[in-house]
Amino acid sequence: MSKNVPQYDVVIVGAGVSGNLIAKELGLAGKKVLILEAGLEVPDSREEYMENFYLALAKTPEAPYPALAGRQGSQVNPVGVLPDPSTLPTPRATVLSLGQSPKTSYLVQQQPFAALHPQDPKPQNPPADDKGNVRGLQFSSTFERNGGGTSWHWLGTSLRELENDIRMQTKYQHAVDWPITYTELQELWALAEAEIGVAASTAQQEPLEVVGLQYPPGYQYPMQAIPMSMVDQAVSNGVAGLQVPGTLPDTPGGGDPTLYDVFVTPTPAGRNSEPYDDRRVCAGNTNCIPICPIQAKWDPTVTLGKALDTGNVTMSYQSVAYNVAVDGQGDTQNATRIDYYEWSRDASGAISKVSKSVTGKVYVLACHAIENAKLLLLSNNWKGIANISNQVGRNLMDHPLYLTWALAPQPIFGYRGPLATSGIESLRDGEFRKYRASFRMEIGNEGWNFSKGDPYTTTMDFIQGTNNSNVNPPPGGSGQPVRLGGLKLVQQLNNIFTRQFRIACMFDQTPLAENLVKLDLDEKTGKPNNVDGLGLPRPKVEYGLDPYTMEGFRMAAYVCTKVYEQMGATEFTTNGVGGTGDFTYQGKNYHYYGAGHVVGTHVMGPEQKSSVVDASQRSHDVQNLWIVGSGSFPTVCTANPTLTLLGLAFKSAKSILASLGS
Amino acid sequence: MTRTVPPAIPILDSDIQDFADMSAALTGFQSSVLKPALDPVGLAREYYVFAVQQVGESAMATLVNAYRAIKTQPAQQIADTLLETSGASPSSQAQLAQSIVAMWYLGSWYVPGVLGGGGFAPPPLQVISSAAYTNGLAWRVMQSHPMGYSQFTFGYWSQAPGPLSSFGVNTGNGGGGQ
Numbered sequence: 001m002s003k004n005v006p007q008y009d010v011v012i013v014g015a016g017v018s019g020n021l022i023a024k025e026l027g028l029a030g031k032k033v034l035i036l037e038a039g040l041e042v043p044d045s046r047e048e049y050m051e052n053f054y055l056a057l058a059k060t061p062e063a064p065y066p067a068l069a070g071r072q073g074s075q076v077n078p079v080g081v082l083p084d085p086s087t088l089p090t091p092r093a094t095v096l097s098l099g100q101s102p103k104t105s106y107l108v109q110q111q112p113f114a115a116l117h118p119q120d121p122k123p124q125n126p127p128a129d130d131k132g133n134v135r136g137l138q139f140s141s142t143f144e145r146n147g148g149g150t151s152w153h154w155l156g157t158s159l160r161e162l163e164n165d166i167r168m169q170t171k172y173q174h175a176v177d178w179p180i181t182y183t184e185l186q187e188l189w190a191l192a193e194a195e196i197g198v199a200a201s202t203a204q205q206e207p208l209e210v211v212g213l214q215y216p217p218g219y220q221y222p223m224q225a226i227p228m229s230m231v232d233q234a235v236s237n238g239v240a241g242l243q244v245p246g247t248l249p250d251t252p253g254g255g256d257p258t259l260y261d262v263f264v265t266p267t268p269a270g271r272n273s274e275p276y277d278d279r280r281v282c283a284g285n286t287n288c289i290p291i292c293p294i295q296a297k298w299d300p301t302v303t304l305g306k307a308l309d310t311g312n313v314t315m316s317y318q319s320v321a322y323n324v325a326v327d328g329q330g331d332t333q334n335a336t337r338i339d340y341y342e343w344s345r346d347a348s349g350a351i352s353k354v355s356k357s358v359t360g361k362v363y364v365l366a367c368h369a370i371e372n373a374k375l376l377l378l379s380n381n382w383k384g385i386a387n388i389s390n391q392v393g394r395n396l397m398d399h400p401l402y403l404t405w406a407l408a409p410q411p412i413f414g415y416r417g418p419l420a421t422s423g424i425e426s427l428r429d430g431e432f433r434k435y436r437a438s439f440r441m442e443i444g445n446e447g448w449n450f451s452k453g454d455p456y457t458t459t460m461d462f463i464q465g466t467n468n469s470n471v472n473p474p475p476g477g478s479g480q481p482v483r484l485g486g487l488k489l490v491q492q493l494n495n496i497f498t499r500q501f502r503i504a505c506m507f508d509q510t511p512l513a514e515n516l517v518k519l520d521l522d523e524k525t526g527k528p529n530n531v532d533g534l535g536l537p538r539p540k541v542e543y544g545l546d547p548y549t550m551e552g553f554r555m556a557a558y559v560c561t562k563v564y565e566q567m568g569a570t571e572f573t574t575n576g577v578g579g580t581g582d583f584t585y586q587g588k589n590y591h592y593y594g595a596g597h598v599v600g601t602h603v604m605g606p607e608q609k610s611s612v613v614d615a616s617q618r619s620h621d622v623q624n625l626w627i628v629g630s631g632s633f634p635t636v637c638t639a640n641p642t643l644t645l646l647g648l649a650f651k652s653a654k655s656i657l658a659s660l661g662s
Numbered sequence: 663m664t665r666t667v668p669p670a671i672p673i674l675d676s677d678i679q680d681f682a683d684m685s686a687a688l689t690g691f692q693s694s695v696l697k698p699a700l701d702p703v704g705l706a707r708e709y710y711v712f713a714v715q716q717v718g719e720s721a722m723a724t725l726v727n728a729y730r731a732i733k734t735q736p737a738q739q740i741a742d743t744l745l746e747t748s749g750a751s752p753s754s755q756a757q758l759a760q761s762i763v764a765m766w767y768l769g770s771w772y773v774p775g776v777l778g779g780g781g782f783a784p785p786p787l788q789v790i791s792s793a794a795y796t797n798g799l800a801w802r803v804m805q806s807h808p809m810g811y812s813q814f815t816f817g818y819w820s821q822a823p824g825p826l827s828s829f830g831v832n833t834g835n836g837g838g839g840q
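Protein chains in written order, with the numbering used here: chain A, 1 to 662; chain B, 663 to 840.
This is the structure:
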């Protein structure tokens with residue numbers, strides 16, 4: 001082939017939400033597209049992944065997906081025998097490796113505080129610095145590296161952002177504005193909702209006008225809403241009339257004493273309430289995370305199938321991009337080629353790799369917020385590209401997730417239906433956003449599965465006479481917890497399980513330049529400290545929380561307790577000390593989980609000097625390079641990110657087509 | 663689904679039946695649920711074989727013989743006796759009985775006597791099979807279905823489930839057998 005004629009119109013790195021959508025749109029327009037996917041191909045049937053899930057000792061988000069390279073030896077996800085990331089071609093961040101050393105954790109990051117201070121007589125949390133920030137925390141969100149990407153295990157939550165979510169600086173003098181109008185986002189959401197097949201009713205969402213949620217006149221979702229669960233109904237009835245103030249006393253910087261209504265609304269969901277796109281109706285498997293057994297929930301493989309059906313899209317699996325070659329300087333740079341390793345693994349587990357290159361007119365990086373940043377930083381001999389702003393890898397955000405749980409006063413029958421069908425969205429906006437992080441509250445239909453690993457923990461407590469669940473305290477306050485068998489065991493477990501529920505609060509975390517992902521290189525020698533199985537430097541993460549975000553936690557804990565009190569429920573929330581995700585704020589301990597909503601590593605903005613991409617997710621520096629996905633979000637906002645990142649991918653596809661002259 | 667193939671060790675059908683009847687008393691479920699006359703899954707045999715592999719034939723035989731000696735008593739009494747629910751600390755035989763209850767409830771093998779800690783159950787040694795997972799009794803106890811294996815249809819979650827008695831629980835207090 002000629003060296004001067006690109007092999008493809010567009011080369012996309014990553015077969016997830018954004019990459020697949022852009023491939024489909026460009027394929028439909030007759031463009032020749034190649035997708036380089038680092039991981040394994042999408043299996044013909046998800047039965048294999050289901051089997052992995054059934055047999056996994058811990059049903060973590062990663063449990064169904066191939067843990068090891070190649071299909072051989074991947075049948076289980078053993079606790080305690082985690083693979084060494086330096087032996088894997090596509091290691092990923094996993095829940096089971098959180099808080100672990102780089103020997104098992106792909107992400108290189110700070111160890112939990114108690115592990116770093118084994119001499120302390122009692123475990124402690126890291127102290128705050130003089131600005132009140134807590135540094136040295138763990139980034140707790142994980143991701144997949146296989147065909148279809150992390151959104152194999154998205155929940156399906158398809159909320160729209162609020163108008164004030166994207167103009168925080170203008171409205172509340174905090175964080176930054178998005179470089180895009182709300183009107184344009186509404187158009188993009190409509191496209192994304194049709195692609196996914198979102199089930200919701202605008203009439204049911206109408207009460208959220210109090211937080212600024214509005215739809216264009218006459219807009220209707222593609223299909224009827226998902227019914228509220230019995231848990232939702234109990235919370236909705238139980239909180240009737242509840243109001244909470246915008247801030248609590250002693251909030252740094254000021255206060256918002258306004259009273260806000262607490263109420264429940266059904267959650268727009270990317271799962272079928274009617275047959276759609278030849279996929280089945282939801283059967284309430286209560287397993288959206290880690291895997292929908294029947295694909296009633298949309299996932300990126302649906303869109304990938306449509307992309308391949310165009311006949312213009314080619315897949316290259318097991319192809320790990322490691323360099324985007326760039327010519328030129330300043331504003332006149334162009335990407336000329338992507339170098340990648342095509343890897344394979346033999347029966348003995350030995351990895352072999354072949355270095356290859358591919359050319360296109362346009363290049364799209366769509367391989368996850370952390371992997372996009374890693375690839376940009378790996379390029380140009382690990383000196384980085386598209387980084388005039390020095391923001392590549394910075395502003396790493398998540399929805400830090402605060403989990404609370406309780407027993408309802410009567411059976412409300414959790415563990416039934418999709419994992420979550422409603423939430424409290426009524427506290428997502430208000431003047432308080434000047435002083436503390438806003439949050440949404442997701443009501444779970446999965447008992448204490450997330451909270452305590454149930455049904456396992458409570459069941460074993462009543463069989464063995466332990467009290468890990470805190471629902472089997474010693475009778476009378478002393479002695480041993482009870483051990484039960486027979487009908488007594490059935491009745492006691494029934495009494496507990498049918499009353500369990502939980503609320504997860506997710507915060508609009510402040511973007512901070514010092515929360516970042518970078519290459520794990522020795523600062524003096526520039527040589528890698530930790531590598532993957534292909535010899536590539538691994539991502540190193542630095543993370544912490546600021547007082548604005550932590551004040552959100554304090555408020556969320558208050559609101560959850562109020563909700564439980566109002567319902568007559570008994571709260572069982574506990575927070576650890578010294579471990580992964582543990583921190584202290586104003587003398588109270590909290591624990592955060594990752595939400596998997598990884599955001600902000602290549603933020604969009606109007607200016608080259610302060611942002612990585614423009615509103616089309618096109619690099620400010622490299623003219624034919626688009627860097628797409630949730631990494632482009634300037635802030636994490638108050639809605640789960642998938643709907644919006646899919647919407648932004650539509651915008652990118654349109655701008656790519658325009659740049660190709662069609 | 664792939665299935666665990668039981669090894670070729672000589673097992674009497676009567677041993678399996680007694681194991682199932684004992685398991686019914688221990689778990690509070692009907693024996694006909696654990697071991698139907700026409701059994702498409704074969705969990706009773708699978709569990710019996712698995713447990714024998716873990717603890718040895720002699721420990722299992724001792725437990726089943728202890729059951730045989732009291733099998734005409736009411737089910738709850740059998741469970742309380744074999745699990746030693748009123749004793750200060752369970753004997754190794756009672757701990758084996760606990761592991762058998764856990765196996766039926768959670769489809770996994772918990773090593774007898776290994777307790778959890780730090781707020782969570784002990785890690786099981788193994789999920790015995792995918793059929794073991796999808797047939798766990800814990801899901802029936804909550805009047806639901808295994809997570810990832812719904813037998814219900816769209817929208818069921820907006821209404822109350824059927825009564826606990828419709829999920830195979832032995833709500834009477836008859837013998838552990840039929």
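Just so it is clear, CB atoms sit at the ideal spot from N, CA and C, and this is done for glycine as well.
This one's a predicted model, so the numbers in the text were calculated from it and none came from an experiment.
Looking at the C-beta of residue i, does it have a partner C-beta in chain A at a distance below 8 Å?
i, result
"B:GLN840", "Because the pLDDT of B:GLN840 is 36, which lies under 50, any placement of that residue in the model is unreliable, and the question is left without a value."
"B:GLY781", "yes"
"B:GLY817", "yes"
"B:ALA706", "no"
"B:GLY690", "yes"
"B:PRO785", "yes"
"B:PRO825", "no"
My guess is that residue i and residue j are in contact by the Cβ rule of under 8 Å, so how many angstroms apart are they, rounded?
i, j, result
"A:VAL33", "A:THR314", "7 Å"
"B:TRP766", "B:LEU799", "5 Å"
"A:ILE443", "A:VAL13", "That belief does not hold up - the Cβ atoms of A:ILE443 and A:VAL13 are roughly 37 Å apart, past 8 Å."
"A:ASP256", "A:PHE432", "4 Å"
"B:SER806", "B:PRO774", "So it is not a contact: roughly 28 Å between Cβ atoms."
"A:LEU155", "A:ALA420", "6 Å"
"A:ARG416", "B:TRP819", "4 Å"
"A:ASP9", "A:LEU534", "Between A:LEU534 and A:ASP9 the Cβ distance is about 28 Å, and since that is not below 8 Å, they are no contact."
From the DSSP output, which residues share a beta bridge with residue i?
i, result
"A:GLN109", "A:VAL541"
"A:GLU342", "A:SER319, A:VAL354"
"A:ASP261", "A:GLN243"
"A:ARG279", "A:TYR276"
"A:LYS588", "A:TYR585"
"A:GLU678", "In the structure displayed, chain A extends from 1 to 662; residue 678 of chain A sits before or after that span and is not available."
"A:ALA504", "A:LEU403, A:GLU442"
When the Cα atoms are used, what is the spatial distance from residue i to residue j?
i, j, result
"A:LYS609", "A:ILE294", "47 Å"
"A:TYR558", "A:THR573", "12 Å"
"A:ASP278", "A:ASP299", "13 Å"
"A:ALA296", "A:TYR65", "18 Å"
"A:GLY384", "A:LYS518", "10 Å"
"A:VAL281", "A:GLU47", "18 Å"
"B:GLY778", "A:ILE424", "34 Å"
Got a sec: is the Cβ-Cβ distance from residue i to anything in chain B below 8 Å?
i, result
"A:GLU62", "no"
"A:VAL281", "yes"
"A:PHE501", "no"
"A:LYS297", "no"
"A:LYS705", "There is no way to answer for residue 705 of chain A, as the model of chain A reaches only from 1 to 662."
Contact between the stretch 17 to 25 of chain A and the stretch 630 to 650 of chain A (3+ Cβ pairs under 8 Å): The stretch 630 to 650 of chain A and the stretch 17 to 25 of chain A touch, with three or more beta-carbon pairs separated by less than 8 Å.
Stretch-stretch touch, CB-based, cutoff 8 Å, three pairs: the stretch 559 to 572 of chain A with the stretch 397 to 413 of chain A: Using a C-beta cut-off of 8 Å, the stretch 559 to 572 of chain A makes contact with the stretch 397 to 413 of chain A, since at least three inter-stretch Cβ pairs fall below that distance.
Cβ pair count under 8 Å reaching 3, the stretch 527 to 545 of chain A against the stretch 378 to 398 of chain A: In short, these stretches touch, since the Cβ pair count reaches three.
The stretch 161 to 170 of chain A / the stretch 239 to 251 of chain A touching (three or more Cβ pairs under 8 Å): Result no; under three Cβ-Cβ pairs closer than 8 Å.
The stretch 470 to 488 of chain A touching the stretch 733 to 748 of chain B, judged by at least three CB pairs closer than 8 Å: Three or more beta-carbon pairs separated by less than 8 Å link the stretch 470 to 488 of chain A to the stretch 733 to 748 of chain B, which places the two stretches in contact.
Stretch-stretch touch, CB-based, cutoff 8 Å, three pairs: the stretch 21 to 41 of chain A with the stretch 307 to 323 of chain A: At 8 Å Cβ cutoff, the stretches touch.
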